[in-house]
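Peer 1: So the protein lines, in turn, are chains F and L. Numbering-wise, the working numbering puts 162 at position 162 of the first sequence, and it's gapless, one number per residue. Quick note, the working numbering runs 350 ahead of the 1-based positions in the second sequence.
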Amino acid sequence: MSFLDLKNVTKIYPNGTKAVHETSLSIDEGEFMVFVGPSGCGKSTLLRMVAGLEDITEGDINLDGKLMNEVDPSERDVAMVFQNYALYPHMNVYNNLAYGLKNRGIDKETIEQKVNDAAKLLQISDYLQRKPSMLSGGQRQRVAMGRAIVRNPKIFLFDEPLSNLDAKLRIQMRLEIKKLQQKVGVTSIFVTHDQVEAMTLADRLAVINNGIIEQLGTPIEIYDNPKSLFVAGFIGSPQMNFLDGNLKNKTLSAEGFEIKDVNTEHEGEVTLGIRPEHLVQSENGLINLKVDLVEQLGSDNLVYGQLTNIKDFCYRCPGNQTIEKGSNLSLNIENKKYYIFDKSTGKRVN
Amino acid sequence: MTRFITSSLSHLILLIGILIMAVPVWMIFASSTHTSSMINMNGLQMLLGDSFYENYLRVLLYQGGFFKEITALKMFFNSFIMATGVAILSVVTSLMAAYALVYYRIKHATLLFWIIFITILVPLELRIFPTYSVMAELNLVNSYFGLIVPISASAIATLFFRQFYKTVPDELLESAKLDGANTWRFFIDFLIPLSKTMIVAMLIFMFVFGYNQYLWPLLVTTSEQYWTVVMGLKMMSGSIVHRFAFVMMSMVPPILIIIVLQKHFIKGVFQDK
Ligand SMILES: Nc1ncnc2c1ncn2[C@@H]1O[C@H](COP(=O)(O)OP(=O)(O)OP(=O)(O)O)[C@@H](O)[C@H]1O
Ligand SMILES: [Mg+2]
Numbered sequence: 001m002s003f004l005d006l007k008n009v010t011k012i013y014p015n016g017t018k019a020v021h022e023t024s025l026s027i028d029e030g031e032f033m034v035f036v037g038p039s040g041c042g043k044s045t046l047l048r049m050v051a052g053l054e055d056i057t058e059g060d061i062n063l064d065g066k067l068m069n070e071v072d073p074s075e076r077d078v079a080m081v082f083q084n085y086a087l088y089p090h091m092n093v094y095n096n097l098a099y100g101l102k103n104r105g106i107d108k109e110t111i112e113q114k115v116n117d118a119a120k121l122l123q124i125s126d127y128l129q130r131k132p133s134m135l136s137g138g139q140r141q142r143v144a145m146g147r148a149i150v151r152n153p154k155i156f157l158f159d160e161p162l163s164n165l166d167a168k169l170r171i172q173m174r175l176e177i178k179k180l181q182q183k184v185g186v187t188s189i190f191v192t193h194d195q196v197e198a199m200t201l202a203d204r205l206a207v208i209n210n211g212i213i214e215q216l217g218t219p220i221e222i223y224d225n226p227k228s229l230f231v232a233g234f235i236g237s238p239q240m241n242f243l244d245g246n247l248k249n250k251t252l253s254a255e256g257f258e259i260k261d262v263n264t265e266h267e268g269e270v271t272l273g274i275r276p277e278h279l280v281q282s283e284n285g286l287i288n289l290k291v292d293l294v295e296q297l298g299s300d301n302l303v304y305g306q307l308t309n310i311k312d313f314c315y316r317c318p319g320n321q322t323i324e325k326g327s328n329l330s331l332n333i334e335n336k337k338y339y340i341f342d343k344s345t346g347k348r349v350n
Numbered sequence: 351m352t353r354f355i356t357s358s359l360s361h362l363i364l365l366i367g368i369l370i371m372a373v374p375v376w377m378i379f380a381s382s383t384h385t386s387s388m389i390n391m392n393g394l395q396m397l398l399g400d401s402f403y404e405n406y407l408r409v410l411l412y413q414g415g416f417f418k419e420i421t422a423l424k425m426f427f428n429s430f431i432m433a434t435g436v437a438i439l440s441v442v443t444s445l446m447a448a449y450a451l452v453y454y455r456i457k458h459a460t461l462l463f464w465i466i467f468i469t470i471l472v473p474l475e476l477r478i479f480p481t482y483s484v485m486a487e488l489n490l491v492n493s494y495f496g497l498i499v500p501i502s503a504s505a506i507a508t509l510f511f512r513q514f515y516k517t518v519p520d521e522l523l524e525s526a527k528l529d530g531a532n533t534w535r536f537f538i539d540f541l542i543p544l545s546k547t548m549i550v551a552m553l554i555f556m557f558v559f560g561y562n563q564y565l566w567p568l569l570v571t572t573s574e575q576y577w578t579v580v581m582g583l584k585m586m587s588g589s590i591v592h593r594f595a596f597v598m599m600s601m602v603p604p605i606l607i608i609i610v611l612q613k614h615f616i617k618g619v620f621q622d623k
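#1: Does PRO226(F) come within less than 9 Å of chain L when only Cβ atoms are used?
#2: Buried or exposed for SER382(L), going by 16 or more other Cβ atoms inside 10 Å?
#3: Going by DSSP in three states, THR187(F) sits in which element: helix, strand or coil?
#4: Under 5 Å from any heavy atom of ligand 1, by CB: list those residues in chain order, please.
#5: I need the DSSP call for ARG48(F), collapsed to helix, strand or coil.
#6: Take LYS11(F) as the anchor and find which of ARG48(F), ILE56(F), PHE156(F) and LEU47(F) has the nearest alpha-carbon.
#7: With 9 Å as the threshold, decide whether the Cβ of MET68(F) is near any Cβ in chain L.
#8: Whose Cβ in chain F lies nearer than 7 Å to the Cβ of LYS527(L)?
#9: Kindly provide the ranges of any beta strand (DSSP E) runs that are 3 or more residues long and lie completely inside the stretch 78 to 119 of chain F, ordered along the chain.
#10: Identify whether GLN621(L) lies in helix, strand or coil by the three-state DSSP scheme.
#11: Below 8 Å on C-beta distance, what does ARG535(L) contact in chain F?
#12: Looking at C-alpha atoms only, which residue of GLU58(F), ASN309(F), THR200(F) and ASN225(F) is the closest neighbour of VAL20(F)?
#13: So ALA531(L) contacts chain F; which residues on that side make the cut at Cβ distance below 7 Å?
#14: Quick check: what's the CA-CA separation for ALA437(L) versus SER444(L)?
#15: If the criterion is Cβ atoms closer than 9 Å, does the pair LEU289(F) and GLY305(F) meet it?
#16: Do you know whose CA, among GLY582(L), ILE607(L) and VAL441(L), lies nearest VAL597(L)'s CA?
#17: Taking 8 Å as the cut-off, is the CB of VAL191(F) close to at least one heavy atom of ligand 2?
#18: Taking 8 Å as the line, does the beta carbon of GLU258(F) fall inside it for any heavy atom of ligand 2?
#19: Contact between the stretch 115 to 135 of chain F and the stretch 86 to 99 of chain F: three or more CB pairs below 8 Å?
#20: Quick check on the DSSP output: what are the complete alpha helix (DSSP H) runs of length 4 or more inside the stretch 17 to 73 of chain F, in order along the chain?
#21: Can you tell me whether ASP362(F) is buried or exposed? The criterion is at least 16 other CB atoms within 10 Å of its CB, across all chains shown.
#22: Could you run through the stretch 44 to 58 of chain F and flag, in chain order, every residue whose CB is less than 9 Å away from some CB of chain L?
#23: Would you list, in chain order, the members of the stretch 502 to 529 of chain L that have their beta-carbon closer than 8 Å to a beta-carbon of chain F?
#24: Which chain L residues sit within Cβ distance under 8 Å of GLY100(F)?
#25: Compute every distance between the C-beta of ASP159(F) and the non-hydrogen atoms of ligand 2, then say whether any falls below 8 Å.
#26: If you measure between the beta carbons of ARG170(F) and LEU201(F), is that distance less than 9 Å?
#27: Pull out every residue of the stretch 453 to 464 of chain L whose Cβ sits closer than 7 Å to any Cβ of chain F, in chain order.
#28: Which of the three DSSP states is assigned to LEU611(L) in this structure?
#29: Quick check: the Cα distance between GLY100(F) and ALA526(L), rounded to an integer number of angstroms?
#30: For a contact meaning CB atoms closer than 7 Å, what does VAL78(F) contact in chain L?
#31: Looking at the structure shown, is THR383(L) part of a helix, part of a strand, or coil, going by DSSP?
#32: Write down the C-beta distance between TRP566(L) and LEU474(L) rounded to the nearest angstrom, noting that I regard them as a contact closer than 8 Å.
#33: Would you say PHE540(L) reaches chain F, if we count a Cβ-Cβ gap shorter than 9 Å as a contact?
#34: Can you name the start and end residues of the beta strand (DSSP E) that THR572(L) belongs to?
#35: Check the Cβ of PRO543(L) against every Cβ in chain F and list those closer than 7 Å, keeping chain order.
#36: In this structure, how does DSSP classify ILE366(L) when only helix, strand and coil are distinguished?
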C-alpha cells in the first residue's frame, strides 16, 4: 500500500450531486500530485475528502497505513492551504503559525523555534507581529504556507492557492512552492484549473473531468500521450487544434487533406488533433493555412488562420519569423505527431 | 453664504436638542444640592447650592422602606448584582445558543431560531404571572437568582450573534479544525475574540436593560433587602431634595458602565479593521 491510497471513493452531496465517481488513486510519499480539471469537476471535493472536511459516501481513504474514513480532520495530521488563505484575522502572524502547534500541546520553546524556522524559510520573519489584514496578498500567501509547513504534517493539501494573486506573483509563488516542497519533502496534493500551473508543479498529474480521473501520469506523459479528447484539449497551451475526419483502411481523410498509413485498425468518424507547436512550414505541405491574425509573444508567434472550413486554427512558430496577415502558409505535421480520437467516445485510437 | 446659514441653522437645532435634554437633568442636580426648605420656598434651582454632601450622604445611608431596613447603598448593590448578572448571563447564553444554532447540525435549526426569536413578541409583562409561579415553586422568590435568571434569555442578543457567526467564513472553521481545534476551542479561540466588539455592545445593552427592570423585581421580591434602585425611586419617601439626589445617583451606574466598556468597544472596532 502506498502512502495515500484512495479506493473507489465516491462522493454524493446531500442534494444528490454526484461530485466524485469511484475514484482510485495512489500517491507515494514525497510525491507532488496535481489535480487539474475544469470548474466543477470535483477537484476540491476530492481534496476535501482527503482532509476530512467532507464525508466519504463510499470507498476508503488510507493515509500512512491507517484508514481515515471516520477520523476527524483535527486528528488526521494534514495541512491545507485555502484559496482565500483563511488566515486567523484576530491573531498576528506568529500566532497564526503557532496555533496548530499549541493545540498539539507542544512546549513554548519548541513552538518558538519551529515558527521562527518556518518564518525564515518563507521570508516572513519581519511580519511576525502583524495581523493578516496588514499584509499584502503575496505575504498572506506565505503565511498560509507557513501555517502548513510549521506543523510538519503528513500531507499538504492546496486548493487553488495561487488564484488570488496577480499573474507575475503567481508565477513566482508557483516556483517557490515547488522549491519548498522539494526542500521539505512533504507529500502534496495541489488543486488547480490552470494547466500551466499543473504542468510545472506536478510530479504526477491527475486530469479530472466530471468526477472521474480521465488520465493519470507525469506531465510529459500526459502532454505527449493524451488518452482522450478531453485530456488532449485541456493540457497544452494554446489548445490543440481539432478537425473532423474519417478513418478507413488506415487512411484518414480530413477536410482538404489525407493522412496515409495511420497506425490504427479503427474505422469510422474520428476527431483529429494537432498541437500548434507540432506543425512546421514546408513546401507542398499537407495543410494550407490562410493567416488571419498573428500574436507575437516575443519568443514565439501564435498564428491563427483558416483551413477550408475551420476557423481559428493555430500554428506556433519561432518568434524570429515574420508572418504577414493574409498570407498563405503550407504546413506539415512534425514526426507523425497527431492524435486521433473516436468521435463518439472521445477515446484515443492511434 | 447659504452654506453658512444652513450649517449654523443645523448647529442651532442640535444645540436646542442638547439643551432640551440636558437642562432638566441639570436642574435636578442643581436643586439636589440645596436644602429642602430652599426648594420649597423658591422652586427648582439652576445654580448649585452648598448642601451636596449632606444630602447625598443622607440618601445613601438613610434606612428607608416600610421596615426601615434598606439603604440606598444596598439598593445600588442589589441593582449592580442584578444588572451585571443579567448582562453576563444573557450574553453567555445567547453566545452559546447562537453557536449551537449555526455550527451544530441541528435539524430545523432555522425554525428553532425563529421560535426563539418570536419570544421577543412575548414581553416579560405578558408572562409575568406564570414566571412568578415557577419562581415561587422553586422557592426563588427573594433571591438574586430569582431576580436575574427569568429575564436573562435574550432573543435579540441571540439574533445578533447568530447573524454574525453566519458571516464568519467556513474556511476559518475548516482551517481551525485542521489545526487541531475541537468545537470548544473554535468557540473560545475564534468566535469569542472575533465577536469581542459585539459582546461588549451587548453587555452594555443588557446591563442597562437589567438595571432598568421595575415590574419583575417588584413582583419577585417581598423582602426590602432585595429592593433595587429603580424600585427605590418609586418607593422613596422623604423630602424633595433627597429624592432628587437619589435620582441623580441612579443615573450613575449605567453611565459608568458605558464609559468603562466603550473604551474596549472602540478599541475592538479599530483592532479588527
Ligand atoms: N456542498 C455542496 N452541496 C452540493 N453540491 C456541491 C457542494 N459542493 C460542491 N458541489 C457540487 O459538486 C461538484 C464538484 O464541486 P467542486 O467544488 O469539487 O468543484 P471544483 O472542481 O473544485 O471546481 P472549481 O474549480 O470551480 O473550484 C460541482 O458540481 C458542485 O456544484
Ligand atoms: Mg474548487
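Don't be surprised by glycine CBs; every beta carbon is placed ideally from N, CA and C. Predicted, not measured: the structure shown is a model, and the values here were computed from it.
Peer 2: In brief:
#1: no
#2: buried
#3: strand
#4: TYR13(F), ASN15(F), THR17(F), ALA19(F), SER39(F), GLY40(F), CYS41(F), GLY42(F), LYS43(F), SER44(F), THR45(F) and HIS193(F)
#5: helix
#6: ILE56(F)
#7: no
#8: PRO73 and SER74
#9: 78 to 81
#10: At GLN621(L) the pLDDT is 49, less than 50, meaning the model places this residue with poor confidence; the figure from the coordinates comes in the next sentence. Three-state DSSP puts GLN621(L) in a helix.
#11: ASN103
#12: GLU58(F)
#13: SER74 and ASN103
#14: 11 Å
#15: yes
#16: GLY582(L)
#17: yes
#18: no
#19: yes
#20: 43 to 51
#21: Not covered by the structure: residue 362(F). The range shown for chain F is 1 to 350.
#22: ARG48, ALA51, GLY52 and LEU53
#23: PRO519, GLU521, LEU522, GLU524, SER525, ALA526, LYS527, LEU528 and ASP529
#24: LEU528, ASP529 and GLY530
#25: yes
#26: no
#27: none
#28: helix
#29: 8 Å
#30: LEU528
#31: coil
#32: 6 Å
#33: yes
#34: Premise fails: THR572(L) is in no beta strand (DSSP E) and is neither H nor E.
#35: HIS90
#36: helix
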